[in-house]
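The sequence shown maps to residues 410 to 541 in the working numbering. Positions of the beta carbon are idealized from the N, C-alpha and C atoms, including for glycine. Remarks on the structure that follows.
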Amino acid sequence: MEIDHLGLAVRDLAAVLPSWERISGSAASPPEEVPSQKVRVAFLEVGETHLEFLEPTDPTSPVARFLAARGEGMHHVAFRVPNVDQKLAELARQGTRLIDSASRPGARGRRVGFAHPSAFAGTLVEFVERVP
Ligand code: ZN
Numbered sequence: 410m411e412i413d414h415l416g417l418a419v420r421d422l423a424a425v426l427p428s429w430e431r432i433s434g435s436a437a438s439p440p441e442e443v444p445s446q447k448v449r450v451a452f453l454e455v456g457e458t459h460l461e462f463l464e465p466t467d468p469t470s471p472v473a474r475f476l477a478a479r480g481e482g483m484h485h486v487a488f489r490v491p492n493v494d495q496k497l498a499e500l501a502r503q504g505t506r507l508i509d510s511a512s513r514p515g516a517r518g519r520r521v522g523f524a525h526p527s528a529f530a531g532t533l534v535e536f537v538e539r540v541p
């Protein structure tokens, strides 16, 4: 599997993106709202992968809860897979604790699904499928 992107939780996209754009030498994508996760996200291309910056749009957003508990910083690791539903089913059969039992719409028109952080030493793991 390849890493599709790394997700970073932030309180304010506009406040943090300039410094990341300077060190990466590329411009962030225009912010996009992802209603299924109550976040606004922007992506920064870094070589073959991306950094995803997530800003909560609602206090009940999982990212808002993450910020309250842990503060800003690394939020999840996302792996690119051919089929998210297949991957989630495979993990469920192996007894891996999941957040999603089926894929849902993610940013950039992708299908996504999450495994529970308790299954991966406290790190939230996302699976991403590029929909043609
Ligand atoms: Zn992500």
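Same chain, Cβ closer than 8 Å to residue i, neighbours up to 5 away in sequence not counted
| i | result |
| --- | --- |
| V534 | H485, V486, A487, F488, F523, A524, P526, A528 |
| E430 | A436, A437, L453 |
Close beta carbons around residue i, own chain, < 6 Å, minus the five adjacent residues each side
| i | result |
| --- | --- |
| F536 | F488, V490, V493, K496, G522 |
C-beta contact flag for residue i and residue j at 7 Å
| i | j | result |
| --- | --- | --- |
| A437 | V472 | no |
| A520 | S512 | Rather than Ala, the amino acid found at residue 520 in this sequence is Arg. Taking 7 Å as the Cβ cut-off, R520 and S512 qualify as a contacting pair. |
| P465 | V450 | no |
| E454 | G416 | no |
| P439 | L422 | no |
| H414 | T469 | no |
| S445 | P541 | no |
Reference residue i, options the options, closest by Cα
| i | options | result |
| --- | --- | --- |
| A516 | E499, S510, D421, F452 | F452 |
| A478 | E411, G531, L422 | G531 |
| I432 | F475, E499, Q446, G456 | G456 |
| R474 | P541, D413, R420, E538 | R420 |
| V443 | G518, S428, E411 | G518 |
Distance cut-off 6 Å: residue i Cβ against heavy atoms of ligand 2
| i | result |
| --- | --- |
| E441 | Only ligand 1 can be found as ligands here, which leaves ligand 2 out of the picture. |
Same chain only: Cβ atoms within 7 Å of residue i, ignoring 5 sequence neighbours per side
| i | result |
| --- | --- |
| S510 | L497, A501 |
| L426 | A437, A451, F462 |
Worksheet entry | Residues proximal to ligand 1 by C-beta, any heavy atom closer than 6 Å | H414, G416, E461, H485, A487, E535
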